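Q: One structure is given below, represented as structure tokens, and several questions about it will come after.
Chains as they are written, first to last, in the working numbering: chain A, 676 to 1109; chain B, 676 to 1109.
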């Protein structure tokens, strides 16, 4: 089998066999197929797409390029959630403890902030002492003891995805639904899960800006995951404005803790309730999603969810007292309000601009090797649809370096739109594919 | 300017500016853009194509990646011919001496045999002593002294083409009309020519199998060459059966010599006459192509063409006596007839199969680093349309290693088609684009 012939085959819109796809991925991971051949194949896939069979084969080949965890000795269903990324999305910090409190096993492997989007690992590391770098053996032990552990990607799981993703990023081949599908699912399925809840974001702050594009990705993820023998649901959720009010690592942890205690912003609460209900539904014998929403409420109300978060934090060497005293989280030295330039109704908050404002303050990173400041970021004082008076604060900025405030202010100036009448309401969950 | 952005631009069907195309080619030639980025760009070009402006910019950038000869101090028009390659195509060996005998300067840089197609350099090297490796200084001196020199590609001319062609070959991106156009023209225009005659082959033995594909390539070559300020004609000529009767290096030299003396097969004579007439037309002040056909006849009849060939051979250290005594060319030790399996009319001779038969005998090469046997090959005893009796020889094979005859015979068995009635005539020149 010659790799160049496989490139030609895909170029000419002929599907590769399972053996051919495995050959390509195995040889590439091993370094026996050079980057230029893979780059040509990626661009051919960008134009020709992959059949569902090819996408499933690719996902499996990438998953099997490294270790695949076998968690079958642990009691309880293994369920995870994956989000395609957005601004202010701290749902993992809430739903993971709730689901674990309900008896599920949640083996969550997460990513870092990049550009305008946040990452779960950076948020967790805002908790003093929290260690996201467990070995796979310790990850498994933590799952047995606590029911949930949250760690970063390791070299051992799906190495083909890391190598391919880096090449896609360099060759303008990121935006391909089957390649995104295989990338997401290969990593998640290597965690040894039985079921997966997917949060596919749509809107100005999301990777997929239109409902049509987001739906195509959600359908692909749902159908390929199902084809691979997992229970999978994909929720299409709004990312046209940031989720919740806090954007920035420690600020988001504080908001997650509030939400775990039954408070927090309405949209964040509602979305966590929906996503968690699907996780619980997949883990339970015969419950409806609606019944599981009630169970979510009860786990919050009883304090079981907050207690599980304390245990997760403690197991990963963090300070669990932040759950009761958020002032133990890193605090920024400077805060400053951003006033409304006009009176009216808040018509839009461009999530992407808010993300860049937060990055400008130091909460995010331009390149993966940059470091982040856990304390900085911003809190939205108004959300879309609310009435504002001129001069009233739309947001509060939290900074450690005052010279960074000017750039953040410039981003915010282009983020808010005020109109004389309230905007039409936009759903939080656009669609649920199961 | 970031190369990845240029890949994205092409991927999204947006044309690159002249500066961007030059950036890409200059940086790639220098090694500052990696192969994987160029491979992604090549595949994007395969799918999106290039505009005429982009194709001309690419041609010029590739041409300027190395030295561009300036032959303006030589008197006379500088005219060359390029063929897209076929089986039995020895026209260069005939038209170059005729055109030089007419006072043109013919700076011909040629290629080698590969796969089923022959190459002018291997044919020339069948002449004892002939040296195709002149330095550019010596090439220029030979042009001044004799009016014609035939050499191989050098590192100094269009290095970007060599690097890009190797990558295209490895990444299934050879078959792209704008990329083929830029590859051919960048090399030819670096020779410092004023005008170019293109012989675009069409048929089973050609790179372009259909008239439609060949026409697209011919139109692209003609229009881009013209856009770059050269006089260019493209003739679409038949390569459904081999050209002439001889296939194999020394055998083809002998047939070229016959043709230079006014004999040789009809199709070869007719095509050389047409191609040369266009070269002479481009080099003359105000002559018609038809007038130049008569001039071709006169240069052959007078012996001026054969005398010029002797001088070209002598200037490049070869033995000019082969022109008068072809038995001085390398001779194969074994010859064997290939008999007709049936009586009737020869309906087809698959040029590609004949090419593989000749390669099986050792006349061609599978990889560029292989060597060829100058003496071996075959002579067609019948051409398409001729009547044959059962058992009458269709071809004579010339071999040095008798154990190679079996494979050559197998190729020939699938090359000939005999039918009860003569086939409809097929034109030699399908179209002329000027």
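Cβ atoms here follow ideal geometry from the backbone N, Cα and C, with glycine treated the same way. Being a predicted model, the structure only gives us computed values, none of them experimental.
What three-state label does DSSP hand residue 1009(A) in the structure shown?
A: strand
Q: Taking residue 719(A) as the reference, which of 803(A), 736(A), 853(A), 783(A) has the closest Cα?
A: 853(A)
Q: Among all the DSSP beta bridges, which residues are the ones paired with residue 742(A)?
A: Residue pairing from DSSP leaves residue 742(A) without any beta-bridge partner.
Q: Residues of chain B with a CB under 7 Å from the CB of residue 719(A): which are they?
A: Around residue 719(A), the beta-carbon contacts reaching into chain B at under 7 Å are 718.
Q: Determine, using beta-carbon pairs with one atom in the region 1029-1044 of chain A and one in the region 917-928 of chain A, whether at least three such pairs fall under 8 Å.
A: yes
Q: If we define contact as Cβ-Cβ less than 8 Å, is residue 848(B) a contact residue for chain A?
A: yes
Q: Give the DSSP bridge partners of residue 1106(A), in chain order.
A: 911(A)
Q: Using a 10 Å radius around the Cβ and a threshold of 16 neighbouring Cβ atoms, would you call residue 778(B) buried or exposed?
A: exposed
Q: Which chain B residues sit within Cβ distance under 8 Å of residue 842(A)?
A: Near residue 842(A) (Cβ distances below 8 Å), the residues of chain B are 711.
Q: Which same chain residues end up closer than 6 Å to residue 775(B) when comparing Cβ atoms and leaving out the 5 residues on each side of it in sequence?
A: 781, 822, 823, 983
Q: Is residue 912(B) buried or exposed, if buried means 16 or more other CB atoms sit within 10 Å of its CB?
A: buried
Q: Compile a chain-ordered list of the residues in the region 681-694 of chain A whose CB is closer than 7 Å to at least one CB of chain B.
A: 682, 683, 686
Q: Would you list, in chain order, the members of the region 915-947 of chain A that have their beta-carbon closer than 9 Å to a beta-carbon of chain B?
A: none
Q: Suppose contacts are defined by Cβ-Cβ distances below 8 Å. Is residue 1025(A) in contact with residue 879(A) by that definition?
A: yes
Q: Do residue 943(A) and residue 908(A) have their CB atoms nearer than 8 Å?
A: no
Q: With DSSP as the reference, label residue 847(A) as helix, strand or coil.
A: Correct three-state label for residue 847(A): coil.
Q: Chain B partners of residue 835(A), CB-CB under 7 Å?
A: Ordered by position in chain B, no residue passes the 7 Å Cβ test against residue 835(A), which lies about 16 Å from the chain.
Q: Could you name the residues of chain A that residue 882(B) contacts, counting a contact when the two beta carbons are closer than 7 Å?
A: Residues of chain A passing the Cβ test: none, with the nearest at roughly 15 Å.
Q: So, residue 928(B) versus residue 1053(B), is the Cβ gap smaller than 8 Å?
A: For the 8 Å CB-CB criterion, residue 928(B) and residue 1053(B) do not form a contact.
Q: Where do the N-terminal and C-terminal ends of the alpha helix (DSSP H) with residue 776(B) fall, by residue?
A: For residue 776(B), the enclosing alpha helix (DSSP H) starts and ends at 767-776.
Q: Quick one, which of 867(B), 1068(B), 1040(B), 836(B) has its alpha-carbon nearest residue 747(B)'s?
A: 867(B)
Q: To the nearest angstrom, report how far apart residue 1055(B) and residue 1069(B) are at their CA atoms.
A: 6 Å
Q: Going by DSSP, what residue range makes up the alpha helix (DSSP H) through residue 876(B)?
A: If you look at residue 876(B), you'll find it isn't in any alpha helix (DSSP H); it sits in the beta strand (DSSP E) that goes 870-877.
Q: In whole angstroms, what is the alpha-carbon distance linking residue 858(A) and residue 688(B)?
A: Taking the straight line from one Cα to the other gives about 26 Å.
Q: Our contact map puts residue 743(A) next to residue 865(A) with C-beta atoms below 8 Å; I'd like the distance itself, whole angstroms only.
A: 5 Å
Q: Where does residue 939(B) land, buried or exposed, given buried means 16+ other C-beta within 10 angstroms?
A: buried
Q: Could you spell out where the alpha helix (DSSP H) holding residue 975(B) opens and where it closes?
A: 964-976
Q: Within this structure, are the beta carbons of residue 710(A) and residue 842(A) separated by less than 8 Å?
A: yes
Q: I need the boundaries of the beta strand (DSSP E) containing residue 754(A), first residue and last residue.
A: 754-758
Q: Taking buried to mean at least 16 other C-beta atoms within 10 Å of its own C-beta, is residue 991(B) buried or exposed?
A: buried
Q: For a minimum of 4 consecutive residues, which ranges assigned as the alpha helix (DSSP H) are wholly contained in the region 1013-1045 of chain A?
A: The DSSP assignment places 1026-1036 as complete runs of the alpha helix (DSSP H) inside the region 1013-1045 of chain A, in order along the chain (cut-off: 4 residues).
Q: Answer yes or no: do residue 1103(B) and residue 847(B) have a C-beta to C-beta separation smaller than 8 Å?
A: The beta carbons of residue 1103(B) and residue 847(B) sit no closer together than 8 Å.
Q: Are any of the Cβ atoms in chain A nearer than 8 Å to that of residue 845(B)?
A: Yes, residue 845(B) lies at the interface with chain A (some Cβ there is under 8 Å from its Cβ).
Q: List, in order along the chain, the chain A residues whose C-beta lies closer than 9 Å to that of residue 679(B)?
A: 844, 845, 846, 847
Q: For residue 698(B), decide whether its Cβ has a neighbour in chain A, counting only Cβ atoms nearer than 8 Å.
A: no
Q: Determine the chain D residues that contact residue 980(A) at a beta-carbon separation under 9 Å, and present them in chain order.
A: This model lacks chain D altogether; the protein chains it does include are A and B.
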